[in-house]
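Engineer:
Protein chains: 2
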Amino acid sequence: METPSSALVLDRETKASERPGDHKDELRLWLRMLTCSTLIETEIRNRLREEFKTTLPRFDLMAQLDKTAVGMTVGEVSQRLMVSNGNVTAVVAGLVTDGLVDKRSAPQDRRVQILTLTAQGRKVFRAMAERHEDWIAELFAGLDQPAIAQLFRLLGETKTSLHRAIAGRAGEAAKGDA
Amino acid sequence: METPSSALVLDRETKASERPGDHKDELRLWLRMLTCSTLIETEIRNRLREEFKTTLPRFDLMAQLDKTAVGMTVGEVSQRLMVSNGNVTAVVAGLVTDGLVDKRSAPQDRRVQILTLTAQGRKVFRAMAERHEDWIAELFAGLDQPAIAQLFRLLGETKTSLHRAIAGRAGEAAKGDA
DNA sequence: AGAAATTATTTTAAGCCTGAAATGTTTTTG
DNA sequence: CAAAAACATTTCAGGCTTAAAATAATTTCT
């Protein structure tokens with residue numbers, strides 16, 4: 001950002017990372033990211049309700065199923081959406097009732113439930129997805145292409161950092177368990 | 001889906017913004033941002049439960065109240081947290097029961113409820129906030145200071161873009177209403 | 001002043017979401 | 001082969017969240 005000269009000025013001019021034990025910058029970054037996510041989520045939620053009388057969890061679930069031709073198990077969906085298994089069970093129940101999703105146990109392993117979009121489900125989803133893509137573009141319209149690319153890249157680094165930190169802690173916990 | 005020949009090859013080489021009507025980059029950006037937010041939220045939620053036996057909504061609410069000496073109204077909190085009024089009412093109820101938050105109607109306007117942290121609430125929150133700040137720093141540890149600053153700046157631009165897009169649409173809706 | 005509009009909050013009904021316990025199924029192991 | 005372990009999903013209890021309707025208080029307008 002700027003070019004400071006002496007060591008003390010350096011502390012003043014650079015960000016808090018120079019001050020030991022201070023992590024305000026990371027906190028502010030997180031709060032700003034959360035604000036952005038919440039604004040987008042709320043807006044998409046509103047538009048899905050107004051324009052398609054549906055909810056974001058339903059849309060997200062259908063989006064996963066649309067990505068595959070052969071269907072997906074409950075566990076697979078739950079992992080991809082980063083929600084609990086029980087949650088998937090509940091949301092799927094609604095979609096099955098509405099004839100948008102088909103659920104059947106796998107013939108070779110009856111523990112597993114295979115979820116697929118019905119023909120109608122696929123049709124309905126495709127229509128929503130098209131609008132959804134426009135909405136997202138509209139929301140990000142204030143960023144030019146290089147800014148989008150840059151942001152995408154930095155969020156990639158963030159994701160890596162998060163995975164490392166979370167896995168690290170899980171490892172610690174496991175060590176304690178053993 | 002097939003390999004195009006002349007003009008379209010250019011499309012392949014340049015970014016999607018060159019293809020009219022294609023907004024895949026924005027969509028991928030949003031999905032990546034959502035992944036990051038969800039990872040952080042889930043991790044913070046887990047740690048708050050394990051270490052302090054509390055929930056993220058409660059923590060967030062207390063964080064707002066900690067920012068003021070004179071207290072905050074229900075509406076003010078709801079706006080800042082970007083959640084519904086009814087939600088604040090419910091979460092506050094729990095915190096009042098636990099003696100962490102105090103709620104009383106404003107003397108000059110009895111419609112308004114003033115929320116403040118109790119002494120205990122402030123003490124409990126401060127302890128959690130300190131840990132929380134460390135956790136966030138830990139999660140972002142893979143980013144160096146310039147990356148954090150850059151990301152913060154880009155998310156600022158994003159926020160501006162979002163506000164403009166959302167306000168714009170609200171304006172349209174209002175026009176229709178009149 | 002009194003009616004109407006506005007404002008702040010709460011209530012309600014419905015759906016989302018979680019972690020943990022329970023259920024049913026398959027695989028491993030003694 | 002049968003018991004035990006592992007696995008996939010569902011159920012359950014509890015809390016969060018929302019939009020919309022209801023309630024309560026204040027302000028505005030005539």
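Going down the list, the sequences are from chains S and V.
For the first sequence, full-length UniProt numbering begins at 1 and goes up steadily by one.
For the second sequence, full-length UniProt numbering begins at 1 and goes up steadily by one.
Note that CB positions come from ideal geometry on N, CA and C, so glycine has one too.
In this text the structure is predicted, and so the values were computed from the model without any measurement.
1. What's the C-alpha gap between S:Arg164 and S:Leu27?
2. Let me know if V:Thr54 comes out buried or exposed under the rule of 16 or more other beta-carbons within 10 Å of its beta-carbon.
3. What does the alpha-carbon distance come out to for the pair V:Gln145 and V:Ala63?
4. State the DSSP-derived secondary structure class of V:Thr73, mapped to helix, strand or coil.
5. So what does DSSP say about S:Val101, is it helix, strand or coil?
6. V:Lys103 to V:Arg45, Cα distance in whole Å?
7. Can you name the residues that DSSP bridges to S:Thr116?
8. Using 8 Å for Cβ pairs, my map puts V:Leu139 next to V:Leu95. What's the rounded Cβ distance?
9. Under 9 Å between C-beta atoms, does V:Glu51 make it to chain S?
10. Could you tell me which chain V residues have their CB closer than 9 Å to the CB of S:Asp109, listed as they occur along the chain?
11. Are the CB atoms of V:Leu115 and V:Val101 nearer to each other than 9 Å?
12. So with Cβ pairs under 9 Å, would you call V:Glu26 a contact of chain S?
13. Should S:Ala137 go down as buried or exposed, given a rule of 16 or more other Cβ atoms within 10 Å for buried?
14. Nearest chain V C-beta to S:Thr160 closer than 9 Å, yes or no?
15. Given S:Leu162, which residues of its chain have a CB within under 6 Å of its CB, disregarding the five upstream and five downstream residues?
16. If we define contact as Cβ-Cβ less than 9 Å, is S:Thr55 a contact residue for chain V?
17. Spatial neighbours of V:Glu43 within its chain, please: CB distance less than 7 Å, with the 5 preceding and 5 following residues excluded, ordered by chain position.
18. Can you pull the chain S neighbours of V:Leu34, defined as C-beta to C-beta under 7 Å?
19. At the level of alpha carbons, what is the spacing between S:Met128 and S:Gln79?
Structural biologist: With the given structure in hand:
1. 18 Å
2. buried
3. 25 Å
4. strand
5. strand
6. 25 Å
7. S:Asp102
8. Between V:Leu95 and V:Leu139 the Cβ distance is about 26 Å, and since that is not below 8 Å, they are no contact.
9. no
10. Correct list: empty, because the minimum Cβ distance to chain V is about 29 Å.
11. yes
12. yes
13. buried
14. yes
15. none
16. no
17. Leu139
18. Ser37
19. 23 Å
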